[in-house]
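Going by UniProt numbering, the sequence shown opens with residue 1, and the numbers climb by one from there. This report refers to the structure that appears directly beneath it.
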Amino acid sequence: MTFTITPAKRLQTLPEQFFAALVAKANARAATGRDVINLGQGNPDLPTPSTIVDRLKNAAENPKYHKYPPFRGFPFLKEAVVQRYKEDYGVDLNPETEVAVLFGGKSGLIEISQCLLNPGDTCLVPDPGYPDYWSGVALAGAEMAFMPLREEKEFLPDYDAISSSDLERAKLMFLNYPNNPTSAVANAEFYEQTVAFAKKNGIVVASDFAYGAIGFDGNRPISFLETPGAKEVGIEFYTLSKTYNMAGWRVGFALGNPEIVEMINLIQDHMYCSLFGGIQEAASEALTGPQQSVRELVSIYESRRNALYEALDEIGWKANKPAGSFFCWLPVPEGHTSMSFADLLLEKADVVVAPGSGFGAHGEGYVRLGLLTTEDRLREVAARIGRLGLF
Ligand SMILES: Cc1ncc(COP(=O)(O)O)c(C=O)c1O
Numbered sequence: 001m002t003f004t005i006t007p008a009k010r011l012q013t014l015p016e017q018f019f020a021a022l023v024a025k026a027n028a029r030a031a032t033g034r035d036v037i038n039l040g041q042g043n044p045d046l047p048t049p050s051t052i053v054d055r056l057k058n059a060a061e062n063p064k065y066h067k068y069p070p071f072r073g074f075p076f077l078k079e080a081v082v083q084r085y086k087e088d089y090g091v092d093l094n095p096e097t098e099v100a101v102l103f104g105g106k107s108g109l110i111e112i113s114q115c116l117l118n119p120g121d122t123c124l125v126p127d128p129g130y131p132d133y134w135s136g137v138a139l140a141g142a143e144m145a146f147m148p149l150r151e152e153k154e155f156l157p158d159y160d161a162i163s164s165s166d167l168e169r170a171k172l173m174f175l176n177y178p179n180n181p182t183s184a185v186a187n188a189e190f191y192e193q194t195v196a197f198a199k200k201n202g203i204v205v206a207s208d209f210a211y212g213a214i215g216f217d218g219n220r221p222i223s224f225l226e227t228p229g230a231k232e233v234g235i236e237f238y239t240l241s242k243t244y245n246m247a248g249w250r251v252g253f254a255l256g257n258p259e260i261v262e263m264i265n266l267i268q269d270h271m272y273c274s275l276f277g278g279i280q281e282a283a284s285e286a287l288t289g290p291q292q293s294v295r296e297l298v299s300i301y302e303s304r305r306n307a308l309y310e311a312l313d314e315i316g317w318k319a320n321k322p323a324g325s326f327f328c329w330l331p332v333p334e335g336h337t338s339m340s341f342a343d344l345l346l347e348k349a350d351v352v353v354a355p356g357s358g359f360g361a362h363g364e365g366y367v368r369l370g371l372l373t374t375e376d377r378l379r380e381v382a383a384r385i386g387r388l389g390l391f
């Protein structure tokens, strides 16, 4: 008799990993020896600042860290993120009750759905949006109601357009500013409306602040937690991945509402035993050490943005410049879908971009480009696209 292994139904509910297919296509093209420029992903290209790396090197030798770390992380790391939030956003947080340490923002984004959603509940999700939200909601057996992000509304959701039945069933909502993929930023007024909306409808707000450090033209993105009443209704996810080029280190935080922080800590008590202590020490160095590297990083992304948009303007591809994050959200030329245009760019220009439809139905009509290579390579992207004569 053959031995059959049947996956749990839960696995079948997971959404298709859209971007895995994109990576495979790009790799297949590059394997043929072509000079492919990949702007399709969101992996920071620059190294972690050396002060942080050095701190890990030293910390790796500390026998204290060779043992199990405290389940919920070392207090010094929680104090470090509290200090950063105070200095950068003027937000007060209690390191003991209002901070959960995460294996990167991604794990918290999945866990929050496990903590708050029962099968049959609804979660409000931005469309277009970061696909990890969908995964968490699917694993919880809950439903999604999409909040369209439209260019004419500055890519902010329109709460008045949400149906009363969705409002009744919704228990959680995700927001993400600076936004992936549209690169929009939120303002204080929008967050004030969000707190009022959340209170009125009993919906918990999960603010994904992964690109919180990256704002252009002298504008610093604001944290949702700066809003009066925010802590009562929600939580913010912060990560070191983008701010300090530490995507491989897997350090993130859930910050804010103490009841939700406790739920996340509880679920994590059953799943993990926190991060390697040496990484926690290096992460606290990142948060409490000099922040010059962050300012330099933002200015590098801003220069890259300016170089790319100047070159795109020259070839006739017109779009608004990103206000934050390291993504560019560009309209596709007439006669194309986002997918057909992305395929064309790969086949005819050896350029990888992410088709907007991968982020949701309202991403159709756009492609996303990451500012994650040098200015020269970005100009080369524009030149290659320009030679196709599409604009
Ligand atoms: C919008 C958004 N949220 C969260 C994350 C997760 O980041 P990490 O798990 O590295 O902290 C990313 C990563 O690309 C992202 O784009």
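Ideal placement from N, C-alpha and C gives every residue a C-beta, glycine not left out.
Pairing residue 311 with residue 40, the inter-Cα distance amounts to about 18 Å. Residue 341 counts as buried, since no fewer than 16 other beta carbons sit within 10 angstroms of its beta carbon. Secondary structure of residue 85 (DSSP, three-state): helix. According to the DSSP assignment, residue 1 belongs to no alpha helix (DSSP H), since it is labelled neither H nor E.
Taking all protein chains shown into account, residue 181 has 16 or more neighbouring C-beta atoms within 10 Å of its C-beta and is therefore buried.
For the pair residue 168 and residue 281, the Cα-to-Cα distance works out to about 44 Å. Taking 8 Å as the cut-off, the Cβ atoms of residue 128 and residue 359 count as close.
The C-alpha of residue 131 is placed about 9 Å away from the C-alpha of residue 15. Taking non-hydrogen atoms of ligand 1 into account, the C-beta of residue 247 is found less than 7 Å away from one of them.
Here the alpha carbons of residue 344 and residue 356 stand approximately 14 Å from one another. Close CB contacts of residue 75 within its chain, under the 8 Å cut and outside five residues either way in sequence, are with 95 and 96 (chain order). At a Cβ-Cβ threshold of 8 Å, residue 370 and residue 241 do not count as neighbours. If you check the C-beta of residue 194 against ligand 1, you find no heavy atom less than 7 Å away.
Not a single heavy atom of ligand 1 lies less than 7 Å from the C-beta of residue 369.
Cβ-Cβ distances below 7 Å link residue 183 to 322, 323, 324, 325, 327, 328 and 329 in the same chain, with the five nearest sequence neighbours on each side left out; the list follows chain order. Taking C-beta separations shorter than 6 Å and ignoring five residues to either side along the sequence, the partners of residue 72 in its chain run 265, following chain order.
Note on the segment 269–300: there is no whole beta strand (DSSP E) run with a minimum of 3 residues. Counting of Cβ neighbours within 10 angstroms places residue 106 among the buried residues, the total reaching 16 or more. When the five nearest sequence neighbours on each side are left out, the beta carbons in the same chain lying within less than 8 Å of the beta carbon of residue 122 are those of 142, 143, 144, 145, 166, 169, 170 and 171, in order along the chain. Non-local C-beta neighbours of residue 125 in its own chain, meaning closer than 6 Å and more than five positions away in sequence, comprise 133, 144, 146 and 174, ordered along the chain. Of the candidates 337, 259 and 346, 259 places its Cα closest to the Cα of residue 99.
Only residues of its own chain outside the window of five on either side were considered, and among them 298, 301, 302, 305, 321, 322, 323 and 324 have a CB closer than 8 Å to the CB of residue 216, listed in chain order.
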